[in-house]
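Okay, so the sequence shown: first residue is 27 according to this note's numbering, each after it adds one.
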Amino acid sequence: MTELGLFLVLFIALFVGWVMGRRRSEKPTKQELKTISSDYFRGLNHLLNGQQSEAIDAFVDSLEVNSETFDIHLTLGNLFRKKGEIEKAINVHQNLLARPDIGEREMRLVQLELASDFMSAGLLDRAERLLLNIAARKTEFQAQILTLLIDLYEFEQSWDKAIRISEQSQKAKPSVKEAQRLAHFHCELAQVQVKKEQWKQAFTHFRNALDADPKCVRASVGMAEVLCEQRRYRDAIKELKNVAEQDPDFIPVILPNLKDAYQRVWSGSGYHQFLVEQNKDHSSASLILALAKHYAQDDKRFAEQFLIEQLRIHPTIKGFKELIQMQLSESQGVNEQHLNVLFELIDQLTKAKHKFQCRQCGFSGHQLHWQCPSCKSWGSVKPIHGLEGE
Ligand SMILES: [Zn+2]
């Protein structure tokens with residue numbers, strides 16, 4: 027429904043609400059009727075002129091708060107918040123709370139909306155106090171209250187508090203999405219310990235993250251980093267290979283560390299087998315290039331043939347660039363000059379291309395973010411696949 031459509035529906039709902047409210051109460055005086063009608067038509071006039079904020083103001087004025095019009099006022103308040111007019115949203119919601127005959131359920135509903143208003147206004151202390159107050163009463167809105175509290179602590183980066191509430195929420199009502207978020211909160215704490223080089227504590231936090239969400243790629247990558255620091259390369263390899271099971275889209279991210287870990291324990295043997303196996307089902311430019319480089323150590327011609335075959339099945343600009351580089355090492359004279367120009371062009375092109383993209387909102391960049399800087403979802407930024415990526 028378009029925003030204008032929504033306003034029109036609200037406008038009709040207001041009118042129905044007003045008529046119902048009138049029917050139940052005593053007959054309005056002529057003066058009352060005149061005031062209500064003029065506010066109502068003032069609202070309609072604003073709506074038709076595209077002045078939506080003024081239209082909502084007029085509608086709010088036109089309708090007294092009673093049990094029939096409660097939902098409409100609540101919706102109008104939320105509309106103000108969504109339009110960024112937080113002060114008006116707070117006014118509408120506080121006006122509802124001031125009703126002497128407000129029921130317990132209605133009061134909690136309004137408090138929940140008011141807490142969202144406070145959060146949008148950046149009044150985090152007030153939002154937290156209100157939410158903790160309602161949470162203590164264990165109402166039917168407990169799940170929504172806990173989610174808002176988690177949002178609030180996430181925004182504040184109060185990871186300990188976010189973890190405590192998130193675990194409470196998971197116990198009451200398990201959710202895969204919330205479990206993924208909880209795992210990232212543990213990873214955030216782990217990162218703090220990594221910076222301090224407190225490997226043991228960092229390990230525990232990554233372990234907790236994997237307990238919350240066994241598919242958390244970030245926890246496995248982080249844990250492998252800690253294990254490498256502790257020179258436990260065999261365990262690091264196990265953890266990095268786990269990423270291929272958790273989410274094969276992330277294989278290109280782990281290859282440099284995996285190669286390094288393999289070289290330290292088994293002089294690289296085993297790494298080649300992993301590349302071959304993964305390239306069968308989850309082919310990517312990084313896997314193909316790693317294999318081509320591996321073959322080039324013994325037989326350059328074979329490596330070149332392999333790369334050409336793979337590019338036919340899985341064409342990528344990165345692969346094409348590698349092929350030109352291989353050709354360059356064997357060229358001379360004019361051919362070398364031409365290939366150099368081509369290589370420079372493709373090199374510029376690949377450098378300009380973003381490597382990572384959020385699967386939720388489409389945000390892209392050169393760096394891997396575990397929380398999307400744009401839509402704030404966790405674990406949704408992944409390596410870009412296809413012709414211009416992997
Ligand atoms: Zn995003």
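Just so you know, even glycine gets a beta-carbon here, dropped at the ideal spot from N, CA and C.
Checklist entry - Taking all protein chains shown into account, do 16 or more other C-beta atoms lie within 10 angstroms of the C-beta of Gly110, making it buried, or fewer, making it exposed? => result Result: exposed.
Item to check | DSSP state of Arg50 mapped onto helix, strand, coil | outcome: No answer about Arg50 holds up, because its pLDDT of 49 lies below 50 and its placement is not dependable.
Item to check | Gln331, enclosing alpha helix (DSSP H) - first and last residue | outcome: Here the alpha helix (DSSP H) through Gln331 covers Lys326 to Ile339.
Checklist entry - Three or more C-beta pairs closer than 8 Å, one from the region 358 to 369 and one from the region 385 to 397: is that the case here? => result Here the region 358 to 369 makes no contact with the region 385 to 397; the two share fewer than three CB pairs at distances below 8 Å.
Checklist entry - Taking Cβ positions, are Lys381 and Gly405 nearer each other than 9 Å? => result Going by C-beta atoms, Lys381 is not nearer than 9 Å to Gly405.
Checklist entry - What residues match up with Gly391 in a beta bridge as DSSP calls it? => result Partner(s): Phe382.
Next on the checklist: Shorter than 8 Å, the distance from the beta carbon of Cys254 to the closest heavy atom of ligand 1, or not?
Outcome noted: Distances between the C-beta of Cys254 and the heavy atoms of ligand 1 are all 8 Å or more.
Next on the checklist: What residue range does the alpha helix (DSSP H) around Pro278 cover?
Outcome noted: Element bounds for Pro278: Ile277 to Trp292.
Checklist entry - In three-state terms, what does DSSP make of Lys408? => result In the displayed model, Lys408 falls within a strand according to three-state DSSP.
Checklist entry - Going straight from the alpha carbon of Cys242 to that of Leu100, what length do you get? => result Taking the Cα positions, Cys242 is about 39 Å away from Leu100.
Next on the checklist: Rounded to whole angstroms, what is the Cα-Cα separation between Leu301 and Leu102?
Outcome noted: Going from the Cα of Leu301 to the Cα of Leu102 covers about 57 Å.
Checklist entry - Is the beta carbon of Ile263 sitting closer than 9 Å to the one on Ala287? => result The Cβ atoms of Ile263 and Ala287 lie closer than 9 Å to each other.
Checklist entry - Excluding sequence positions up to five away, which residues of its chain have a Cβ less than 6 Å from the Cβ of Leu157? => result Correct list, in chain order: Ala141, Ile171, Leu174 and Leu175.
Checklist entry - Hey, is the region 289 to 297 in contact with the region 329 to 348, meaning 3+ C-beta pairs nearer than 8 Å? => result The region 289 to 297 vs the region 329 to 348: no contact.
Item to check | Short Cβ contact (9 Å threshold) for Cys213 with Phe229 | outcome: Between Cys213 and Phe229, the CB-CB gap reaches or exceeds 9 Å.
Next on the checklist: Can you look up Gln219 in the DSSP assignment and give me helix, strand or coil?
Outcome noted: When DSSP states are grouped into helix, strand and coil, Gln219 belongs to the helix group.
Item to check | Presumed contact (8 Å Cβ cut-off) between Trp225 and Gln256, rounded CB distance | outcome: Right, their Cβ atoms sit about 6 Å apart.
Next on the checklist: Which of the three DSSP states is assigned to Gln256 in this structure?
Outcome noted: Coil.
Next on the checklist: Considering Cα atoms alone, identify which of Arg190, Met145 and Leu135 is closest to Glu113.
Outcome noted: Answer by Cα proximity: Met145.
Checklist entry - What alpha helix (DSSP H) runs, 4 residues minimum, are completely inside the region 88 to 164? => result As far as the region 88 to 164 is concerned, its whole alpha helix (DSSP H) runs of at least 4 residues are 96 to 108, 112 to 123, 130 to 146 and 150 to 161.
Item to check | For Ile410, the nearest candidate out of His364, Arg207 and Ala311 (CA to CA) | outcome: Ranking the options by Cα distance to Ile410, first place goes to Ala311.
Checklist entry - The alpha helix (DSSP H) spanning Thr173 covers which residue range? => result Gln168 to Glu182 is the span of the alpha helix (DSSP H), which, as asked, contains Thr173.
Checklist entry - Within 8 Å: the Cβ of Phe382 and any heavy atom of ligand 1? => result Phe382: no, Cβ never under 8 Å from ligand 1.
Item to check | Per-residue DSSP class, three states only, for Gln358 | outcome: In the structure shown, Gln358 sits in coil (DSSP, three-state: anything other than H, G, I, E or B).
Next on the checklist: Between the alpha carbons of Lys197 and Ala188, how many angstroms are there, rounded?
Outcome noted: Between the alpha carbons of Lys197 and Ala188 lies a gap of roughly 14 Å.
Checklist entry - Among the residues of its own chain, which have a CB less than 8 Å from the CB of Glu52, if the five just before and after it don't count? => result Note that Glu52 scores a pLDDT of 49, beneath 50, so its modelled location is shaky; the value from the coordinates is reported in the next line. Cβ neighbours of Glu52 beyond the five flanking positions: none.
Checklist entry - When the Cα atoms are used, what is the spatial distance from Arg50 to Ile98? => result Any reading at Arg50 needs caution, since the residue's pLDDT is 49, under 50, leaving its predicted position unreliable; the model's value is listed next. Each residue's alpha carbon lies about 18 Å from the other.
Next on the checklist: Please return the same chain residues whose Cβ sits closer than 6 Å to the Cβ of Ala235, not counting the five positions on each side in sequence.
Outcome noted: So the qualifying residues of the chain are Ala209, His212, Cys213, Cys242 and Ala245.
Checklist entry - Alpha carbon to alpha carbon, how far is Arg152 from Ala238? => result Arg152 and Ala238 have their alpha carbons spaced roughly 30 Å apart.
Item to check | Inter-residue spacing [alpha-carbon to alpha-carbon] between Val360 and Leu354 | outcome: Cα-Cα distance, rounded: 11 Å.
Next on the checklist: For a test of the three-state rule: what should DSSP assign to Gln194, helix, strand or coil?
Outcome noted: In the structure shown, the three-state DSSP call for Gln194 is helix.
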